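22 is the number of the first residue of the sequence shown in the working numbering; add one for each residue after it.
The beta-carbon is built from N, C-alpha and C at its ideal position, and this holds for glycine as well.
Quantities reported herein were computed from a predicted structural model and do not represent experimental measurements.
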Amino acid sequence: MGASAWIGNWSRRLPAVDSRVWLWVIFMTAAIVRIGIILARKTYLQLEHVEPASVALSLLHNGTFANAYCTTSGPTAHTGPVYVWMLTPIFALFGEDTGAQLAIEVMSTLWAAAVYLMLPLLTEMVGVGRAPGIYAGLLGALMPFNFWAETKGSFEQPVATFLLVLLFILLGRLVRVPNPNVAAMLPAVAVGSLLAITSSVMVLPLGILALGAMLRLSRPDAVRLAALFAVGVTLVLLPWGYRNHLEMGKWIFTRSNFGLEFWLSNNDRATADYNTNVDLGIMEMHPASTPEQCAKLRAVGEVAFHAAAMRTAQEWVAANPQRFLALTAERAYLFWVPKMRRPAQTLISLLLPVFSLAGLFLLYRRQPRAVWLLIGVALSYQVTFLLVQSFARYSYPVQWVLWVGVGVAVHAGISRLGERSYSGGSGS
């Protein structure tokens, strides 16, 4: 049997397989591939007690949401509360050594695997069936090119990505319900509210998704959905902002560290790439890098330290507008084609946007509204990362959009080959 005939048989048999089976195949493939690499490389031997883990340990031992940078840096809003709350019981159960690190990496991997599992549900929801999502999910599951972001568990990106994709699906289904009542809206509102407090950079994509849904609802239903989102997001962010007001002297509804990140990314030595900046020693300016830097933050407090960093960066931008624009343009490119450590990762990061654009173009011909929404989510998320150094971890939460495009392109190609094979076989 020739390759085209085999592909033809595959394309015809795929729809006959229970798609629920494919969901679990995708999930298990993604999990097994990544956990296998974790165990083979023993990545869990490298402990990463960065800011969320440091705060979780402070919460566990001292009962305080504090000490993001060192054991005495004080109350913090550097990281949101949700992921810290997820890490704290892991440290309580497994200790603070490699056992806990392995548990965290497995947890992060399972969240990442769940993202790929949902891609067939997403493509079905936008009106092109589950097959493109199956291809997207399988390819993403088999190619963990952004491995550290998906598996290390140092930060909340896999959790936030899962919530973002889930919200996309829930709102897409909601607009297809005739005259949805409050009960029908509550699942999407609950997920969106949780997303807002899990990751501050998801607020803009949340707004885009909510707006997209409201534009497809009747005016009364749109007003009801907007009101529910306003109430839900306020209910989760207000207690957090009030806590920060009490503990740190300022109402902070998301996170406190943008000034710090803006300063690290925009100065005389800065490049657009995070790893290059690490090699240049720029990250030694970070308060978590040395006891001396942490002491500087502790002396004035986190809010004042970050505010001073923001002023310094703003002054530099005003004095160096052309360099700032050049950095911003390079960061815009690197967001979609991030620099990777290994050649295979670099190759995938280069090819993924190319094939995705082809697939999104094909999808646009059938479902233009869905493509505009996908692009709106991705670009609104990118806004923050035009201003700070590029890092593959920052790109990860919207790389599923690229995989959706690839899945559509692959499905179209396989379907075309299948049609040719079938017509050729019929004529022989």
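- With a 10 Å radius around the Cβ and a threshold of 16 neighbouring Cβ atoms, Ile125 comes out buried.
- Between the stretch 166 to 179 and the stretch 128 to 145 there are three or more inter-stretch CB-CB distances shorter than 8 Å, so the stretches are counted as touching.
- By the criterion of a C-beta distance shorter than 6 Å, Ile190 is surrounded in its chain by Leu142, Leu143 and Met146, once the five residues flanking it on both sides are discounted.
- The criterion of a C-beta distance shorter than 8 Å is not satisfied by Glu305 and Ser175.
- By the Cβ criterion, the stretch 211 to 222 is in contact with the stretch 250 to 261, since at least three pairs of Cβ atoms, one from each stretch, lie closer than 8 Å.
- By the Cβ rule, the stretch 232 to 240 does not count as touching the stretch 259 to 274, because fewer than three pairs are nearer than 8 Å.
- Around the C-beta of Ile229, 16 or more other C-beta atoms lie within 10 Å, and the residue is accordingly described as buried.
- For Asn287, same chain residues with a beta-carbon under 7 Å away, outside a window of 5 residues either side, are Ala334, Trp337, Val338, Phe345 and Leu348 in chain order.
- For Glu171, the enclosing alpha helix (DSSP H) begins and ends at Phe168 to Thr172.
- For Asp294, the beta-bridge partners assigned by DSSP are Ser411.
- Residue state for Ala98 is assigned as coil, using DSSP reduced to three classes.
- In the three-state scheme derived from DSSP, where H, G and I count as helix and E and B as strand, Ala320 is classed as helix.
- By alpha-carbon distance to Phe376, the top candidate from Ala391, Val358 and Arg363 is Val358.
- In this structure, Ala433 and Leu383 form a Cβ contact; the two beta carbons are roughly 5 Å apart against a cut-off of 8 Å.
- Around Pro201, the same chain offers Leu195 and Asp242 as residues with beta carbons nearer than 7 Å, after the five sequence neighbours per side are excluded.
- Looking from the CA of Asn298, the closest CA among Val42, Ile218 and Ser411 belongs to Ser411.
- Uninterrupted alpha helix (DSSP H) stretches at least 4 residues long and entirely within the stretch 176 to 252 occur at 178 to 195, 203 to 219 and 224 to 237, given in chain order.
- Taking a 10 Å sphere around the C-beta of Pro179, we find 16 or more other C-beta atoms and assign the residue as buried.
- In this structure, Ala293 is the residue among Ala293, Arg319, Val321 and Gly426 with its C-alpha nearest to the C-alpha of Leu407.
- Taking the Cβ atoms as the reference, Leu373 lies roughly 5 Å from Leu423, within the contact range of under 8 Å.
- Across the structure, Ala350 and Val198 are spaced so that their CA atoms are roughly 42 Å apart.
- The C-alpha of Ala51 lies about 8 Å from the C-alpha of Tyr137.
- In the DSSP assignment, Ala157 falls within the alpha helix (DSSP H) that extends over Ala152 to Leu163.
- The residue from Asn341, Thr109, Ala291 and Ser94 with its alpha-carbon nearest to that of Glu268 is Ser94.
- Val103 is a Cβ neighbour of Ile218, given a cutoff of 8 Å.
- Excluding residues up to 5 positions away in sequence, Val222 lie with their Cβ nearer than 7 Å to the Cβ of Thr405 in the same chain.
- DSSP places His307 outside any alpha helix (DSSP H), giving it a letter other than H or E.
- Straight through space, the alpha carbons of Gly280 and Leu318 are spaced by roughly 13 Å.
- For the set Glu313, Pro165, Ala330 and Gln122, the Cα lying nearest the Cα of Ala365 is the one of Pro165.
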